[in-house]
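**Q** Top to bottom, those sequences are chains G and L.
Numbering follows this note's numbering, with no gaps: position 205 of the first sequence is 205.
Numbering follows this note's numbering, with no gaps: position 91 of the second sequence is 91.
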Amino acid sequence: MTILQLRDVSRVVTMPDGRPLSILTGVDLDVEPGDRVSVVGRSGSGKSTLLNLLGLIDAPTSGELLFDGRSAYGISGARRDRLRGSAIGFVFQQFNLLQRRTALENVLTPLLYESGRNFWRRRAIATRMLENVGLGHRLDSPPERLSGGEQQRVAIARALVRRPRLILADEPTGALDLETGGTVMDLLERVADETDAALVTITHDPNIAARSRRHYRLDAGVLTGAVA
Amino acid sequence: MRGVGGRFLTDVVGAVVEAWAEVRVHRGRVLLSLIGVGVAVAALTGVVAAGTIAEQSLRESSERQGGRAATYSVSAYGAEGQTVPTGDIRSAFAEATARYGIDYATEHGYTTEDVRFPDGRQQVQAETVDVPFGQMHRVDVAYGAWFSAADERRLAPALVVNERFWERIGSPDLRTHPTVKIGDGITAVVVGVTPSPSFQTDPTMFMLASQVASQQTAAEQLQQGPPSFEVWIPPETGDELSERLRGDIAGQLGDGVQVEAYRNDYAEQNAESLRQVQLIVGGIALLVLLLGALGLVNIALVTVRGRIREIGIRRTFGATAGRVFFAVLMESVVATVAAGVVGVLVAVLVLRNPWTIEIISQGVSDVPAFPVSAAITGLIAATAVGALAGLIPALVAVRVKVIDALRY
């Protein structure tokens with residue numbers, strides 16, 4: 001079943017002087033399980049807004065956004081929040097790790113919003129996840145003591161600890177050198193493969209975009225794509 | 001249903017875990033902001049506890065002196081100053097109390113008896129009472145027992161003595177029925193010992209009025225003057241019943257005898273004045289608590305503004321607006337409850353340390369335990385302050401827009 005469907009989605013914001021500003025126009029996009037999608041575009045082309053829409057953080061001004069075949073905005077805000085937590089994992093350019101908390105505490109934080117068995121076993125699950133990304137020996141290290149690559153691996157472990165079906169990566173290698181960036185992408189793809197999760201990468205790096213199976217370009221709010 | 005209950009439980013536990021982690025991470029800042037709250041809770045708990053202890057002590061000592069609420073004293077005297085024979089008042093009082101079905105009625109007078117202690121003779125003050133007096137005045141008995149109906153039938157008078165008296169006769173085991181010579185060589189049996197506060201140094205005792213009367217001549221009784229008579233009746237009907245009792249006794253004693261009945265216990269009045277002091281000191285403590293809360297709100301607001309990005313990140317993990325609100329509120333509550341527990345412990349340490357107990361025990365024979373109600377009041381105040389102080393930052397946190405927070 002298609003995870004996410006965008007049908008003729010547009011996003012318009014109102015400027016401080018009252019004029020409307022169109023950020024996205026007529027976007028159509030389907031994301032299937034196990035998909036590898038990349039979106040490239042210049043700064044200000046609407047990449048972040050698209051990511052926010054895909055992550056159910058922002059609502060479209062018009063058009064339809066379906067998650068698992070149902071309108072994502074036909075349900076309550078709390079249910080949408082819970083759906084986001086359980087089905088979508090975010091990887092940010094600046095890692096966004098919680099400061100003064102250890103790697104383990106960072107990774108188990110999303111599990112605090114779980115219910116049932118996974119909530120009570122959060123420490124064991126988070127430990128296993130960190131071991132899976134090769135950081136079993138840095139469980140008690142706070143972000144300040146980790147290298148950039150290690151921090152992004154912690155962020156990946158945190159994004160995937162609830163086994164999401166859709167991973168949204170916003171410039172995941174933007175803050176890393178070329179070699180570390182390649183290693184981090186290898187890891188992200190491997191872990192996504194293990195759970196058959198779809199991976200949508202938003203980047204301006206053609207090398208990172210080339211790793212995906214489907215490529216899109218965002219230009220002045222218009223998404224144009226070509227199947228590779 | 002199980003799913004909903006399970007989610008609620010994990011939501012609550014999760015919010016508390018989050019709150020505790022947050023408090024732990026910012027412990028330096030939290031500790032500083034909580035000193036005021038802790039001190040105020042200690043003051044509030046201490047005031048409530050000290051007030052409760054003082055009220056209890058005052059009530060007990062007041063009840064020992066004036067009887068429990070509502071105790072009425074009945075006295076009779078000649079309209080032209082002549083003394084009314086004690087026997088006449090006694091029989092009129094007995095008949096009237098029997099008529100109105102009053103079980104708790106006692107004679108209460110004072111006399112002195114010559115007591116032969118092992119180390120010499122001494123005049124000892126004695127209160128002459130009936131058996132119900134013990135319950136009416138909540139008389140504590142440390143050893144042995146208060147008078148019973150069987151003691152009234154004894155040939156040898158029964159005595160309930162104070163601890164100093166008991167010590168003077170060598171602190172004997174009361175199961176051995178220790179005796180002492182009183183008056184003109186009459187053998188009396190000690191049946192009970194009342195505790196003595198540290199300031200009391202003289203021996204005193206209680207005797208049954210009927211046994212004292214049988215030893216005294218009419219002339220001796222006249223010389224001593226009439227005792228007072230007391231009844232313990234329900235406060236709500238006290239005024240009406242005591243008035244009827246007074247009229248009944250006056251009718252029996254005939255013209256020319258003035259009978260008066262007046263309320264004798266002062267527990268209520270004492271409690272009222274104590275309550276006022278408690279209100280003033282408690283009010284000051286509440287004000288301190290409020291100031292502490294204001295400081296807490298200030299720091300919590302600054303902190304929450306510094307955590308906007310973190311709140312945004314948590315929202316991407318699936319934290320609902322309600323959960324963010326509850327978690328921020330809980331941070332404040334968890335912190336103030338921790339400060340409250342410390343404050344209550346400080347209050348307990350202050351009031352239960354040997355020096356304070358020694359000071360309190362100079363006024364009462366039995367120092368009451370630390371009142372649980374005071375500890376509960378302190379903890380409730382701490383929780384309420386935490387909830388109030390957490391409310392504004394929680395509202396700020398919930399208004400954070402996820403998109404803006406992630407860009408922050």
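Just so it is clear, CB atoms sit at the ideal spot from N, CA and C, and this is done for glycine as well.
Just so you know, these numbers come straight off a predicted model, no measurement behind them.
What does DSSP give as the partner residues of residue 88 of chain G in its beta bridges?
**A** G:166
**Q** For residue 135 of chain G, which residues in the same chain have their Cβ closer than 8 Å to its Cβ, ignoring the five residues on either side in sequence?
**A** Scanning its chain for C-beta atoms nearer than 8 Å, with the 5 sequence neighbours on each side dropped, one finds around residue 135 of chain G the residues 103, 150, 153, 154, 157, in chain order.
**Q** As a quick exercise: from L:113, L:276, L:130, pick the residue whose alpha carbon is nearest that of residue 187 of chain L.
**A** L:113
**Q** Where does the unbroken beta strand (DSSP E) through residue 41 of chain G begin, and where does it stop?
**A** 36–41
**Q** For residue 158 of chain L, does the three-state DSSP call read helix, strand or coil?
**A** strand
**Q** Can you list, in chain order, the residues of its chain whose CB lies under 7 Å from that of residue 228 of chain G, leaving out five sequence neighbours each side?
**A** Per-residue confidence for residue 228 of chain G stands at a pLDDT of 45, beneath the threshold of 50, marking its modelled position as unreliable; no derived number is given.
**Q** Residue 381 of chain L: which of L:328, L:368, L:338 sits nearest, CA to CA?
**A** L:338
**Q** Check the Cβ of residue 402 of chain L against every Cβ in chain G and list those closer than 7 Å, keeping chain order.
**A** Residues of chain G whose Cβ lies closer than 7 Å to the Cβ of residue 402 of chain L are, in chain order, 57.
**Q** Between residue 244 of chain L and residue 70 of chain L, is the Cβ-Cβ spacing less than 9 Å?
**A** No, these two residues do not count as a Cβ contact at 9 Å.
**Q** Answer with buried or exposed for residue 1 of chain L, where buried requires no fewer than 16 other C-beta atoms within 10 angstroms of its C-beta.
**A** Residue placement at residue 1 of chain L cannot be trusted, given a pLDDT of 44 that sits under 50; what the coordinates show is reported in the next sentence. Under this definition residue 1 of chain L is an exposed residue.
**Q** On a CA-only basis, which of L:393, L:83, L:256 is nearest residue 333 of chain L? Give me that one, please.
**A** L:393
**Q** Does chain L have any CB closer than 9 Å to the CB of residue 143 of chain G?
**A** no
**Q** Within 10 angstroms of the Cβ of residue 96 of chain G, are there 16 or more other Cβ atoms? Answer buried if so, exposed if not.
**A** Buried, since its Cβ has 16 or more Cβ neighbours within 10 Å.
**Q** By alpha-carbon positions, which one of L:378, L:108, L:195, L:141 ends up nearest to residue 43 of chain L?
**A** L:378
**Q** Suppose contacts are defined by Cβ-Cβ distances below 9 Å. Is residue 162 of chain L in contact with residue 207 of chain L by that definition?
**A** no
**Q** Give the straight-line distance between the Cα atoms of residue 5 of chain L and residue 18 of chain L, rounded to the nearest whole angstrom.
**A** Within the model, the alpha-carbon separation for residue 5 of chain L versus residue 18 of chain L is close to 20 Å.
**Q** Answer with yes or no whether the minimum CB distance from residue 113 of chain G to chain L is below 9 Å.
**A** yes
**Q** Can you tell me whether DSSP reads residue 27 of chain L as helix, strand or coil?
**A** helix
**Q** Would you say residue 1 of chain L lies against chain G (beta-carbon separation less than 9 Å)?
**A** For residue 1 of chain L, the predicted model reports a pLDDT of 44, less than 50, meaning its position is unreliable and no value from the coordinates is stated.
**Q** At 3 residues or longer, what runs of the beta strand (DSSP E) sit wholly inside the segment 91–149 of chain L?
**A** 105–117, 120–129
**Q** Is there a C-beta anywhere in chain G that falls below 9 Å from the one on residue 28 of chain L?
**A** no
**Q** Identify, in the order they occur along the chain, each residue of the same chain with its Cβ nearer than 7 Å to the Cβ of residue 138 of chain G, setting aside the five sequence neighbours on each side.
**A** For residue 138 of chain G, where only same-chain residues beyond five positions count, the Cβ hits under 7 Å are 103, 146, 150.
**Q** Taking DSSP as the reference, what is the three-state secondary structure of residue 61 of chain L?
**A** Residue 61 of chain L: helix per DSSP, three-state reduction.
**Q** For residue 160 of chain G, which residues in the same chain have their Cβ closer than 6 Å to its Cβ, ignoring the five residues on either side in sequence?
**A** Cβ neighbours of residue 160 of chain G within its own chain (closer than 6 Å, five residues either side excluded): 89, 191.
**Q** Run down chain L in chain order and give the residues with a C-beta less than 8 Å from the C-beta of residue 105 of chain G.
**A** Neighbours of residue 105 of chain G on chain L, chain order: 21.
**Q** With a threshold of 9 Å between beta-carbons, can residue 16 of chain G be considered close to chain L, or not?
**A** no
**Q** Residue ranges of each beta strand (DSSP E) run of no fewer than 3 residues wholly in the segment 99–186 of chain G, ordered along the chain?
**A** 166–170
**Q** In chain G, what lies closer than 9 Å to residue 313 of chain L by C-beta?
**A** 90, 92, 96, 97, 98, 109
**Q** Restricting to Cα atoms, I'd like to know which of L:178, L:311, L:148 is closest to residue 405 of chain L.
**A** L:311
**Q** Does DSSP classify residue 227 of chain G as helix, strand or coil?
**A** Because residue 227 of chain G sits at a pLDDT of 46, beneath the cut-off of 50, its placement in the model cannot be relied upon, and the following sentence gives the value as read from the coordinates. DSSP places residue 227 of chain G in strand when its eight states are reduced to three.
**Q** Could you check what DSSP says for residue 307 of chain L in three-state terms: helix, strand or coil?
**A** coil
**Q** Answer yes or no: do residue 343 of chain L and residue 37 of chain L have a C-beta to C-beta separation smaller than 9 Å?
**A** yes
**Q** Would you call the segment 33–52 of chain G and the segment 60–71 of chain G in contact, with 3 or more CB pairs under 8 Å?
**A** Fewer than three beta-carbon pairs drawn from the segment 33–52 of chain G and the segment 60–71 of chain G are found closer than 8 Å, and the two stretches are therefore not classed as touching.
**Q** Kindly indicate which three-state DSSP category residue 187 of chain L falls into: helix, strand or coil?
**A** strand
**Q** How should residue 52 of chain G be labelled, buried or exposed, when 16 other C-beta atoms within 10 angstroms of its C-beta is the threshold for buried?
**A** buried
**Q** Would you identify the three-state DSSP class for residue 83 of chain L, choosing helix, strand or coil?
**A** Correct three-state label for residue 83 of chain L: coil.
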